[in-house]
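In full-length UniProt numbering, the protein residues as written are 1 to 255.
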Amino acid sequence: MGGASRRSALGKLPPWQAGGVWELVTGGMSGARVSRRDGVYRKESDDPGIDLAGEGERLTWLREHGIPAAEVLECRPGLLVTAEVPGRSAASPWPAESRPLIIDALADLARALHALPVDDCPFDRTLAVTVPAALESDVDLDDLDDERLGWSREDLVAELLATRPPDEDLVVCHGDLCLPNVVFDPTTHRVSGVLDAGLLGVADRWADLAIATRSVAGELNPQYRPEHADRFLARYGIAPDPVKTTFYRLLEEFS
Ligand SMILES: Nc1ncnc2c1ncn2[C@@H]1O[C@H](COP(=O)(O)OP(=O)(O)OP(=O)(O)O)[C@@H](O)[C@H]1O
Ligand SMILES: [Mg+2]
Numbered sequence: 001m002g003g004a005s006r007r008s009a010l011g012k013l014p015p016w017q018a019g020g021v022w023e024l025v026t027g028g029m030s031g032a033r034v035s036r037r038d039g040v041y042r043k044e045s046d047d048p049g050i051d052l053a054g055e056g057e058r059l060t061w062l063r064e065h066g067i068p069a070a071e072v073l074e075c076r077p078g079l080l081v082t083a084e085v086p087g088r089s090a091a092s093p094w095p096a097e098s099r100p101l102i103i104d105a106l107a108d109l110a111r112a113l114h115a116l117p118v119d120d121c122p123f124d125r126t127l128a129v130t131v132p133a134a135l136e137s138d139v140d141l142d143d144l145d146d147e148r149l150g151w152s153r154e155d156l157v158a159e160l161l162a163t164r165p166p167d168e169d170l171v172v173c174h175g176d177l178c179l180p181n182v183v184f185d186p187t188t189h190r191v192s193g194v195l196d197a198g199l200l201g202v203a204d205r206w207a208d209l210a211i212a213t214r215s216v217a218g219e220l221n222p223q224y225r226p227e228h229a230d231r232f233l234a235r236y237g238i239a240p241d242p243v244k245t246t247f248y249r250l251l252e253e254f255s
């Protein structure tokens, strides 16, 4: 939905627009500020490079296509308000016996997303779009993946252009399918909702698989082991593709 504000038939403001104290959740690696209050999350940014209206459109598109995603309550340039998705993200601490179940549910979510009809998806994240965008974007050289530490921007660009895959296995990708962006029901271990869908669009399936396996196997979340990333790919039903994995992780350095 759009519109700067939404009043009920009685002219009453919805609760998140009335006065009250917001609790800051994160300043946001992506640059957006996220805060919460009364079952509602608010994401704000005045950076024109962060398309929160577009993120709202994508969350709504996902829900319309049967994927559980945060419900959009208000959405306009610079502001996205969503209803709280109940549960805990995959990045929260989970008991050891729950972790394989979370990994399986994450893989099943990826499969379901990637089974959506590409022709219905109006959002383009193919390399024809993302590589030129990468060439225009800034890179935080202090926040590179370990295997690229010490690289210059020129090194990154040269490698990106030299390793661009000749083919794309196109599906609907989430675009940032990492552990903090998927919330699960702690009892059933089923996905209760997908968040942070601003980069959703048609792309090679490895755009998601490379980010998901890095998030699972990486050092940021040591409750998961590299074996969990193997399990994720086995459950998804695909053999590892080291070439595309490396390329899509490199491409992500530019976002
Ligand atoms: N609707 C929601 N329901 C439940 N949790 C939410 C919701 N929206 C945001 N969050 C929480 O806030 C966190 C940050 O939100 P989001 O992922 O949209 O922003 P972000 O730009 O990725 O922030 P960061 O860069 O810090 O990850 C999420 O990982 C999640 O924990
Ligand atoms: Mg996020």
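A virtual CB, placed ideally from N, CA and C, is assigned to each residue, including glycine.
Around the C-beta of residue i, are 16 or more other C-beta atoms found within 10 angstroms, so that it is buried, or is it exposed?
i, result
"Lys12", "exposed"
"Asp47", "exposed"
"Leu177", "buried"
"Thr187", "exposed"
"Ala158", "exposed"
"residue 256", "The displayed coordinates of the chain run from 1 to 255. Any statement about residue 256 would go beyond what the structure contains."
"Gly3", "With a pLDDT of 43 at Gly3, under the threshold of 50, the modelled position of that residue is not reliable, and the figure given next carries that caveat. Exposed, since its Cβ has fewer than 16 Cβ neighbours within 10 Å."
"Thr82", "buried"
"residue 256", "Nothing can be reported for residue 256: it is not among the residues displayed for the chain, which extend from 1 to 255."
"Arg164", "exposed"
"Val21", "exposed"
"Asp124", "exposed"
"Val243", "exposed"
"Ala133", "exposed"
"Gly49", "exposed"
"Ala18", "exposed"
"Glu57", "buried"
"Ala162", "exposed"
"Glu253", "buried"
"Glu74", "buried"
"Val25", "exposed"
"Leu149", "exposed"
"Asp208", "buried"
"Met1", "Confidence at Met1 is low in this model, with a pLDDT of 41, below 50, so the placement of that residue is unreliable and no value is reported for it."
Pick out whichever of the options has its Cα sitting closest to the Cα of residue i.
i, options, result
"Gly198", "Val139, Gly175, Ile102 and Pro242", "Gly175"
"Leu195", "Val34, Pro14, Pro95 and Leu220", "Val34"
"Thr126", "Ala162, Pro166 and Ala32", "Pro166"
"Leu255", "Arg231, Asp104, Ser98 and Arg153", "Correcting the residue identity first, residue 255 is Ser in this sequence and not Leu. Residue Arg153 is the option with its Cα nearest to Ser255."
"Pro93", "Asp241, Tyr224 and Arg231", "Tyr224"
"Glu219", "Leu179, Leu251 and Val243", "Leu179"
"Tyr248", "Ala217, Thr213 and Asn221", "Thr213"
"Cys121", "Ala229, Thr60 and Pro95", "Thr60"
"Thr246", "Ile211, Arg231 and Gly31", "Ile211"
"Glu55", "Ala32, Leu250 and His228", "Ala32"
"Gly78", "Ala69, Val72 and Ser45", "Ser45"
Under 7 angstroms between C-beta atoms, does residue i make it to chain B?
i, result
"Pro77", "Protein chain content of the structure displayed is limited to a single chain, and chain B is not contained in it."
Task: beta strand (DSSP E) runs wholly inside the segment 18–71, at least 3 long, in chain order - done: 23–26, 33–37 and 40–44
Open item on the list: Suppose only complete runs of 3+ residues qualify. What are the beta strand (DSSP E) ranges in the segment 168–225, listed by chain order?
Closed with: 170–173, 182–184, 191–194 and 201–204
TODO: Please confirm if the segment 199–212 is in contact with the segment 158–174, defined as three or more CB-CB distances below 8 angstroms between the two stretches.
DONE: Segments in contact, yes.
Task: Stretch pair the segment 114–121 + the segment 60–70: three plus CB contacts closer than 8 angstroms - done: yes
Open item on the list: Measuring CB atoms only, is the segment 128–140 touching the segment 80–99, in the sense that at least three cross pairs come out at less than 8 angstroms?
Closed with: no
TODO: Specify whether the segment 229–236 and the segment 91–111 touch according to this definition: at least 3 beta carbon pairs, one from each stretch, less than 8 angstroms apart.
DONE: yes
TODO: Taking only runs that begin and end inside the segment 111–147, name each unbroken alpha helix (DSSP H) of 4 or more residues, in chain order.
DONE: 127–136
Task: Three or more C-beta pairs below 8 angstroms linking the segment 89–99 and the segment 139–156 - done: The segment 89–99 vs the segment 139–156: no contact.
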